[in-house]
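Under the numbering used here, the first residue of the sequence shown is numbered 147, with each subsequent residue one higher.
Glycine is no exception: its CB is placed at the ideal position from the N, C-alpha and C atoms.
Some notes on the structure that comes next.
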Amino acid sequence: MGNKLKITINGETVEVEKGTSILDAAKQVGVIIPTLCYHKDLCVAGNCRVCVVEIAGQKRLAAACATPCEEGMDVLTNTHKVRNSRKHIIELLLSEHNADCTSCYKNGNCELQLLASEYKIMNQDFIHLVPFKNYTVDMFSPSIIKDDSKCIRCQRCVRTCAELQSVNALTMSYKGEHAKITTFFEKSMNDVVCTNCGQCINHCPTGALVEKNYIEEVWSAIADKNKYVVVQTAPAVRVGLGEELGFDPGERVTGKMVAALKRLGFDAVMDTDFTADLTIMEEGTELLTRLKGALVDKNPDIKLPMATSCSPGWIKFIEHMYPDYLGNLSTCKSPQQMFGALVKTYYAKARKIEPDKIVSVSIMPCTAKKFEASRPEMHDSGYRDVDYVLTTRELAIMIKQAGIDFMKLNDMHYDRLMGESTGAGVIFGATGGVMEAALRTAYELVTGREVPFENLNINPVRGMEGVKEASVKIEKPLSEWSFLEGVELRCAVAHGLVNAKKVMDAIKAGKANYHFIEFMACPGGCLGGGGQPIPTSPEIRKRRAEAIYAEDAGMPLRKSHQNPEVVKIYKDFLGKPLGEKSHHLLHTKYVPRKRY
Numbered sequence: 147m148g149n150k151l152k153i154t155i156n157g158e159t160v161e162v163e164k165g166t167s168i169l170d171a172a173k174q175v176g177v178i179i180p181t182l183c184y185h186k187d188l189c190v191a192g193n194c195r196v197c198v199v200e201i202a203g204q205k206r207l208a209a210a211c212a213t214p215c216e217e218g219m220d221v222l223t224n225t226h227k228v229r230n231s232r233k234h235i236i237e238l239l240l241s242e243h244n245a246d247c248t249s250c251y252k253n254g255n256c257e258l259q260l261l262a263s264e265y266k267i268m269n270q271d272f273i274h275l276v277p278f279k280n281y282t283v284d285m286f287s288p289s290i291i292k293d294d295s296k297c298i299r300c301q302r303c304v305r306t307c308a309e310l311q312s313v314n315a316l317t318m319s320y321k322g323e324h325a326k327i328t329t330f331f332e333k334s335m336n337d338v339v340c341t342n343c344g345q346c347i348n349h350c351p352t353g354a355l356v357e358k359n360y361i362e363e364v365w366s367a368i369a370d371k372n373k374y375v376v377v378q379t380a381p382a383v384r385v386g387l388g389e390e391l392g393f394d395p396g397e398r399v400t401g402k403m404v405a406a407l408k409r410l411g412f413d414a415v416m417d418t419d420f421t422a423d424l425t426i427m428e429e430g431t432e433l434l435t436r437l438k439g440a441l442v443d444k445n446p447d448i449k450l451p452m453a454t455s456c457s458p459g460w461i462k463f464i465e466h467m468y469p470d471y472l473g474n475l476s477t478c479k480s481p482q483q484m485f486g487a488l489v490k491t492y493y494a495k496a497r498k499i500e501p502d503k504i505v506s507v508s509i510m511p512c513t514a515k516k517f518e519a520s521r522p523e524m525h526d527s528g529y530r531d532v533d534y535v536l537t538t539r540e541l542a543i544m545i546k547q548a549g550i551d552f553m554k555l556n557d558m559h560y561d562r563l564m565g566e567s568t569g570a571g572v573i574f575g576a577t578g579g580v581m582e583a584a585l586r587t588a589y590e591l592v593t594g595r596e597v598p599f600e601n602l603n604i605n606p607v608r609g610m611e612g613v614k615e616a617s618v619k620i621e622k623p624l625s626e627w628s629f630l631e632g633v634e635l636r637c638a639v640a641h642g643l644v645n646a647k648k649v650m651d652a653i654k655a656g657k658a659n660y661h662f663i664e665f666m667a668c669p670g671g672c673l674g675g676g677g678q679p680i681p682t683s684p685e686i687r688k689r690r691a692e693a694i695y696a697e698d699a700g701m702p703l704r705k706s707h708q709n710p711e712v713v714k715i716y717k718d719f720l721g722k723p724l725g726e727k728s729h730h731l732l733h734t735k736y737v738p739r740k741r742y
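Listed below in structure tokens is the structure:
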């Protein structure tokens, strides 16, 4: 009982753990207290004051999110004083807010708009200050739009960038009426150490931070009879899209998503999971080649540990923060970019379509993919490999615009040639998935046997722990891999850039000894990406992960090297992993960037 205490909320007694906030205690008795600056992913700030409550015996109202419960505390959440205070706070926020809601990208999914509706802010008692403010809109980034006129200075984005990502691209500057969220020397988001991960978008309660959308460009391409529009969908999209269209979090909507894309008018609907499988073939071969170079050839130029390169937010992070370790990155492009290069070469040739007539569109859970597609390195097909990147949210908007009743759609299958995939490709959407997929294939290629985990489920790399470690001992390898006999392959997985920083700092200090590391920029991996449905929370990410693994478990093929279309592309076009054509189309290099 020493860790329990009792308080009263609106006359109802509740028993809670010591340290529980009034906000969380209220939820246990069915009382909803409004918030704006609070978010489950972030530390408590208590600066918006929308969550104020009255505590018996105290003159001042208290912020429920930042006030811990005390024994015998008597809390009132619905007094005249509380309601008026909340209403005035919302009115004050609106006085400085560009409340042109009907033209706002977040219209209908804005927390401030919802509170204004609930509290019926019909008349403004305060002077509307927007015309007197010198607000700016930063649209230079290919991924993120920052609109100061819609910012309420809750600082969720600042805390997100610092606590979850350890990037600190955004900060609070100035004081009083001049206070604002800004960047280093007030530069554009495109010119600072921003990884384009979009986590600030996911955590912003208003339209101050949104993705740069390319919906109209894609509609125009679909309407152009001279263009052949190909779309690819990432693994995590199928477990997130339903949340925007009437399903509960964690519902798998793969077949309905394919059907919707075909109704939208795309000429070919294909699966990024195909190139996820292809990535495993290339990346796995690259890892084994590096191990041979280090263990047999004793080549001092071999860089270990090898780090994955699928997450463009992580790539930009290491380019800025750890440029001396760029040689440790796998040279593999991400599955999105491999797909883009192949669709304008291999696919174009097979379908007898001129590459310049192909418009390559990708549906991604990630805003950083927009930046990745715009990189100058991503033109190896002779064209821009991926023309447009849409987030999961943007696809949902298109489906609504088209008047498609998503819930009534019959399931359809991906088109063939670059639409076949395995369960290993699917799990790329969850943290640890790339590592698990790679181990399933690499171990079997080396030993001729399946990886020694029940049902191929490598549980040590699964879950939401920030940094996970696993090791696999190589025993009785095939003759060509005999040099790996007895080697214990040491692996690590990190998701969220704050955890990536921990691992990289340990490597830099000589305190970590790994062979292979998977890094994902976003919490939970791609399923928690900056382009996924809002809201996000630990519980929602967990349900999406469960859906990813359920999809994998139900696949007839669960190892990348079993994918018949991957086998075919090597036979007909690429030759072999790390071959000349693969090197040209599927691999790249990255560049060091300044921190300031």
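Leaving out five residues on either side along the sequence, give the residues of the same chain with a beta carbon under 8 Å from the beta carbon of residue i.
i, result
"Gly721", "Lys727 and Ser728"
"Gln301", "Cys183, Ala191, Asn193, Met318 and Ile327"
"Lys756", "Outside the shown range of the chain (147 to 742) lies residue 756, about which nothing can therefore be said."
"Met544", "Ile361, Val364, Trp365, Leu410 and Leu536"
"Lys648", "Gly612, Val613 and Ala640"
"His661", "Leu433, Leu437, Leu450, Pro451, Met452, Leu635, Arg636 and Cys637"
"Val507", "Val364, Ala367, Val375, Val376, Val377, Gln378, Phe412, Val532, Asp533, Tyr534, Val535 and Leu536"
"Asn601", "Ala699"
On the criterion of 16 or more Cβ atoms from any shown chain inside 10 Å, does residue i qualify as buried, or is it exposed?
i, result
"Pro180", "buried"
"Asp417", "buried"
"Thr248", "exposed"
"Cys189", "exposed"
"Gly176", "exposed"
"Asp447", "exposed"
"Arg586", "buried"
"Ser683", "exposed"
"Glu634", "exposed"
"Ile347", "buried"
"Val737", "exposed"
"Gly165", "exposed"
"Val442", "exposed"
"Ser527", "buried"
"Arg595", "exposed"
"Glu332", "exposed"
Go through its chain and collect everything with a Cβ distance to residue i's Cβ below 6 Å, but skip five positions before and after it.
i, result
"Thr421", "Pro481, Met484 and Phe485"
"Val597", "Leu585, Arg586 and Tyr589"
"Met666", "Ser457, Thr577 and His641"
"Met220", "In the sequence on display, residue 220 carries Asp and not Met. The answer, listed in chain order, is Thr154 and Ala202."
"Trp627", "Val592"
"Asp284", "Lys292, Ser334 and Met335"
Can you find the residues in the same chain that come closer than 7 Å, C-beta to C-beta, to residue i, ignoring five residues on each side of it along the sequence?
i, result
"Tyr742", "Phe330"
"Leu310", "Asp187, Gln345, Gly642, Val644 and Pro669"
"Ala128", "Examination of residue 128 is not possible in this model, given that the chain is present from 147 through 742 alone."
"Ser496", "One point to set straight first is that residue 496 is Ala, not Ser, in the sequence displayed. Closer than 7 Å at Cβ, skipping near neighbours: Leu563."
"Ser476", "Glu429, Glu432, Met452, Ala453, Thr454 and Ser455"
"Gly677", "Gly344, Glu357, Met510, Pro511, Cys512, Thr513, Thr537, Thr538 and Arg539"
"Gln270", "Glu237, Leu240 and Ser241"
Check the C-beta distance from residue i over to residue j and give it rounded, since I have them as a contact under 8 Å.
i, j, result
"Ala519", "Val535", "5 Å"
"Leu563", "Leu731", "Their Cβ separation, rounded to whole angstroms, is 16 Å, which puts Leu563 and Leu731 out of contact at 8 Å."
"Gly575", "Ile499", "With a Cβ gap of about 29 Å, Gly575 and Ile499 do not count as contacting."
"Ile355", "Cys303", "The residue asked about is misnamed: residue 355 is Leu in this sequence, not Ile. 6 Å between Cβ atoms; contact."
"Met581", "Glu664", "4 Å"
"Met650", "Tyr471", "7 Å"
Is the beta carbon of residue j closer than 8 Å to that of residue i?
i, j, result
"Glu697", "Arg232", "no"
"Ala640", "Gly612", "yes"
"His707", "Cys478", "no"
"Gly632", "Ile620", "yes"
"Ala584", "Glu429", "yes"
"Pro679", "Glu389", "yes"
"Ile504", "Lys490", "yes"
"Met403", "Val385", "no"
"Leu387", "Leu541", "yes"
"His185", "His349", "yes"
"Lys705", "Thr568", "yes"
"Glu523", "Arg739", "no"
Using a C-beta cutoff of 8 Å, does residue i count as contacting chain D?
i, result
"Met544", "In the structure shown, chain D cannot be found, because there is only a single protein chain."
The ligand NAD and residue i: does the residue's C-beta get closer than 7 Å to at least one heavy atom of that ligand?
i, result
"Thr538", "Absence of the ligand NAD is noted for the structure shown, with no ligands found whatsoever."
* To do: Could you tell me which uninterrupted beta strand (DSSP E) segments, each at least 3 residues in length, are contained entirely in the region 253-329, listed from first to last along the chain?
  => 290-293, 317-319 and 326-328
* To do: Could you tell me which uninterrupted beta strand (DSSP E) segments, each at least 3 residues in length, are contained entirely in the region 317-386, listed from first to last along the chain?
  => 317-319, 326-328, 355-357 and 374-379
* Would you list, in sequence order, the uninterrupted alpha helix (DSSP H) runs of no fewer than 4 residues that lie entirely inside the region 568-655? => 569-572, 579-593 and 643-654
* Entirely within the region 218-244 and at least 3 residues each: give me those beta strand (DSSP E) ranges in chain order. => 220-222
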